[in-house]
Amino acid sequence: MKKLCILFLVVPVVFYGQNIVNQLLQKKADSLTNIQKFDESIRIWEQLLNNQNDKNSALYSANYFYCKALNEVNKGNDEQAALYFKQVIPFHSKLKPTPQNKKLISNTYLELSYCLDDWDEALKYLKLCYDYTLKNLPVDANLYLSLIDIGDVQRRMRNYEQSIVSLEKALKSIYKLAPREYEELGYVHNLLAVSYSNLHFYNQSLHHYSKSLALHIKSDRADKAYVVNSANNTIWESLKYGDETKAREILTYLNQNFYKWFKRKEFATTDVGTLQNWNLHFRSLLYLSNLRMNLLDQKETVAKKYLDSIDLVFLNYPDDRKKKDNTLLLSRYAYEEVYLSKAVDDAVNSKNHIEFNLKTLQIARKSESKHDELVACLKLANSYARYKKYKEAFAIIEESKKIKEPFFNASRFTIEVLEATLHHNLNQDNESKTIFLKSYQKLLAKQKTLKNLKSLKYADFKKFNSDVFIRNVLNTANIYYKSYEKNKSTDDLITSNNLYFIVSDMFSEFYQKGKYNYRLNEFNKEIASGLLQTQLLINPNDIKKIKAILNRIENNSSQHLWNIFESKNSQNLKVPPVLIEEYNQLVFEKNSLLETKESKVQKGDLDKSLLAIDREIEQKRNVINKFDPSYQQFKSNNFDVNETQNQLKSNQLMIKYVVTDAKTFAFIIDKNAVGLTYLSTTQSLKLLVEQNLKSIRLITNDYAESAGNLHEKLLQPILKNRLDASLIIIPEDFLNRISFESLQDRNRKWVAEYHLVSYAYSIKLWNVLQKKMNGVDSNRFVSFAPNYSKIPTANQSRGLRRGNLFDLIEAKNEAKAVSELFEGELFLNEKATRANFLQSTTLYNFHHLAMHSLMENDYNQSSLVFTNNQKVFFNELYQLNFPSKMVVLSACNTGVGAHESGEGIMSLSRALTYAGVQSSVYSLWQVPDKETSEIIVSFYKNLKEGQPKDKALANAKKQFLANNPMKQHPFYWAGFVVNGDVSPVVSNINWVVCLGIVLVISLLIFLFRKKLLQFRQ
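Counting from 1 along the sequence shown, just add 78 to a position and that's the residue number in our numbering.
Shown next as structure tokens:
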């Protein structure tokens, strides 16, 4: 019995002792795994497995196979590793639900996906990882890591919409769980950029590349290879978009820091695997970015040195690496610009160009990338076509057809458009149209037969909006228009018109709603010209089509300063940014589901999901509207000319000029109709405008000729039966410099004599300003008239212009007069400081600035000049929040400035308008001091009487002409114009009369009641 008791005592001690030993062994094995000593860890798990009576055998087996798999991964044997990971999975259901075991299960799915070459299978395990982690480890990093990899795999499978949805979810998760994981965030933004780029959403790809770069820079990781990669991508995207300034800034940063990073032992060691000398790849990227910038600067010799340097790096790669790295090919694609920049008839250049592209194709044929081989074929075929070697071009095009790729892309589309263009050049129009039709068929999102291009819609496309697709669709439209010119086929004209409409939609998505650049401006001008000239030929009276064209032109015009105006006016909107972000995410999820639906046979569940997400979108929209119903008003692409017509008065006529490279057109808008007319060639108008401005500047007597010719071209075709109309002029390009009031009709009558004239910078802005008209508080009026140290002589004073920084006596008298007239505050002489002006911007309703202004070649340095030469610059003005109802810029040249490509005239008055000013009066040239004062004081007197601003200014000019018969030249009176809201600044109601009427009515009511009472009694 005693022995039995001892036995019972010994067994638990042995059992629990063994259990403690096993636990210690597990901890040791886990530690060895964590430091990647897999062989030792495997031996321990094997030792634990040998204990057959241990109830933890499932745990030991799972960890044993898991370590075996990691060991194979470490050796680069992914295939064997996958087999071991799969052997872990059967033990998952037998593991206790401890945090450590849950992490093992999640890791198994994630690591297994990395070992698979079959993307469908990899996606299956990644989704298992995400679903399991979301349910069991909702705050674990594997949650966002699995989302990132789902997005990456979807991208590789060319399911770009699904990729974006997963990656956007990953971003949300990282920002929630690990907001300081800057490297991970940067990596996700880079993947998003690639997916958007593949969808040809240029604007989004540039945004995410830029964000990726900023995050990688912010990271404290010693290995800066990702910074180099992101910088190269962002430079390239910026150059493609035309943002040279941004590209230069990033390249400067990269050049300053690269070799400091390159010398670090950590450089290019992250996720490098078995690759050797991976750092050389990033040095090639540095060379590539510098090559591109030097080509832009036309420094061919320097660019060639960078090309040779990339070639040298490439030659030192092992053969298998040469097949994978395309940096040399990218550099050769870029360097081809050297040959393209030279004349077509340069025989030496043409020979060198073709030889260069032949060598590029030889290199591309050795690459694993079939796409690079296709691009190289395209480059060579284009060079043959450029020099009219059509036979050779067709031969290369035929060769390119043998290159098999799993998807239709921009390069393939470009080759087919080139082939069609060559047939057109050879007068083989039927062959050309057949190729076009087949090529566009491949762009369709849905499988349907395309019978012709005249019924094609952009909604049928697979969302293409890169510059390559825009250029190709434009080329197609141009060829159909040329065919029409040759054979007068109505079908060709209608097809051309339809393609211009399509490319207009493409441009709308392509354009990032930011500042214009040369490339964007050229695209937009060509599109506008095509739309207008084809529509006028098809049916100049088709109001619906004309409205559609006007809406497109207005929505596709530059949004740079509009965005600034929008941001000022959006400050009062109450919509939380997170709501907008959530709304946008729902829209992307819907797009993803729609794309998935097209590829599925069983669509029932997807239809239910779409209905559910539609309900969510509508709910989110309703929530946004509860915060602020006016949210949609300030979105930059919501212009509709119908809204303009609703706001126009019956006597108002709006003229919107459109200047393209070859032709100038005008839209004519009134309350009941919208018209379109061709006016003149752009070049002839430019010459007339220059003549007109010269005659005004020099005060010569030949102004009447140019004024009459301009009237004949710009107004006479429009004003045939509208002699009483109030004109709202929306000029474009060089037409911004004209004072339309100073044009003369055939009877030598000024436009100012029979028309009220005002101006606007865009129709969209005019629409908004009409809604902002408010009542008037005349007590909130302020004038500024600074002191200047330069005193004019008596002789100079007689013809003094508001220029050269002379002290302006008449301007001071003017400021005093208008200030007294409106009982406003006056900042005179030393009090007219920059500080007082800036403070006044939100304290007063009306601002009068009688002073000098300076116009500079760099318009950002143009300025208003206050006392002691204190300046307020253009860029400061448009950054102000300046909600003034009217600003009168009684200074010289305040309405003119540098012409920015696509933006228009970058004037001081324009800056004020986009800062929030509702109405401005400004000058178009260097106005005379004395005469200006006379007109401006008269203008204010007319305002005081309750006249609208356009009428007040017109009457002031008429009064001046009547009082000054010797100063009829436009120089003296036509320089000032009014822009924006023209409503009166004071009410013209006679309150004494009104009070009298009220008293009479009250007395009559009293007497009536008295008589009624007497009658009842």
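Virtual Cβ for every residue (Gly too), placed ideally from N, Cα, C.
Quick caveat: nothing in here was measured; it's all calculated off a predicted structure.
Extent of the continuous beta strand (DSSP E) run through residue i
i	result
A744	K741 to I747
H926	F924 to A928
M964	M964 to S968
S68	Since the first residue shown for the chain is 79 and the last is 1095, residue 68 is missing from the structure and cannot be characterised.
Q948	Q948 to F951
S867	That residue, S867, is in no beta strand (DSSP E); it is neither H nor E in DSSP.
F1054	F1054 to G1058
Anticipated Cβ contact below 8 Å, residue i with residue j, distance rounded
i	j	result
N310	L363	4 Å
T760	D739	6 Å
F517	E494	Here residue 517 turns out to be Ser, not Phe, going by the sequence shown. At roughly 4 Å, the Cβ-Cβ gap stays under 8 Å, so S517 and E494 are in contact.
H267	L284	Actually they do not touch by this definition, with Cβ atoms about 11 Å apart.
S224	G264	Incorrect: roughly 19 Å between the Cβ atoms, too far for contact.
A454	L439	4 Å
Y832	L801	6 Å
D571	T554	The amino acid occupying residue 571 in the given sequence is Leu; Asp does not appear at that position. So it is not a contact: roughly 14 Å between Cβ atoms.
D1007	A889	6 Å
F392	K400	7 Å
L1031	V999	7 Å
Buried versus exposed call for residue i [16 or more other C-beta atoms within 10 Å across all chains shown]
i	result
D397	exposed
G154	exposed
R443	exposed
N959	exposed
K734	buried
P1048	buried
P1026	buried
S489	buried
Q63	Nothing about residue 63 can be read from this structure; the chain reaches only from 79 to 1095.
D811	buried
I120	buried
S50	What is shown of the chain runs 79 to 1095, which leaves residue 50 out entirely.
R824	exposed
L173	buried
M1044	exposed
W1069	Low local confidence applies: a pLDDT of 46 at W1069 is under 50, so the model's placement there is unreliable, with the coordinate-based value given in what follows. Exposed, by the Cβ-count rule.
V99	exposed
R630	buried
Enclosing alpha helix (DSSP H) for residue i [first to last residue]
i	result
I493	A488 to N503
N335	E322 to F340
Y839	First-last for Y839: undefined, no H or E at that position.
Q730	Segment Q730 to V737 is the beta strand (DSSP E) holding Q730; no alpha helix (DSSP H) there.
V995	Neither: V995 is in no alpha helix (DSSP H) and is coded neither H nor E.
N907	Note, N907: premise wrong, no alpha helix (DSSP H); beta strand (DSSP E) at E903 to N907.
L215	That residue, L215, is in no alpha helix (DSSP H); it is neither H nor E in DSSP.
V719	V719 to Q725
V1063	Counting along the chain, V1063 falls outside any alpha helix (DSSP H), and DSSP gives it neither H nor E.
F1049	P1048 to W1051
L263	Y260 to N276
Closest Cα partner of residue i within the set the options
i	options	result
T991	E1012, F1038 and D1059	D1059
D375	Y413, K402, D386 and T405	Y413
Y562	I616, Y365 and F585	I616
I747	T755, L731 and K741	L731
A463	H431, K448 and I98	H431
H359	M371, S387, L373 and E378	S387
E259	Y222, D692 and R236	Y222
A993	K1019, W1003 and N953	N953
L103	I113, L126 and K115	L126
F143	S447, M964, A159 and F579	A159
S931	L921, K146 and W1003	W1003
I481	S445, F514 and E509	S445
- request: With a floor of 4 residues, list each alpha helix (DSSP H) that falls wholly inside the segment 426 to 472, ordered by position along the chain.
  value: 448 to 464
- prompt: Which whole runs of the alpha helix (DSSP H) in the segment 122 to 171 are 4 residues long or more, in chain order?
  reply: 135 to 153 and 156 to 166
task: Any chance you could list the alpha helix (DSSP H) runs of at least 4 consecutive residues sitting entirely within the segment 745 to 833, in chain order?
output: 760 to 775, 781 to 792 and 829 to 832
- prompt: Considering only residues of the segment 353 to 417, which uninterrupted beta strand (DSSP E) runs meet the minimum length of 3 residues and lie entirely inside it, listed in chain order?
  reply: none
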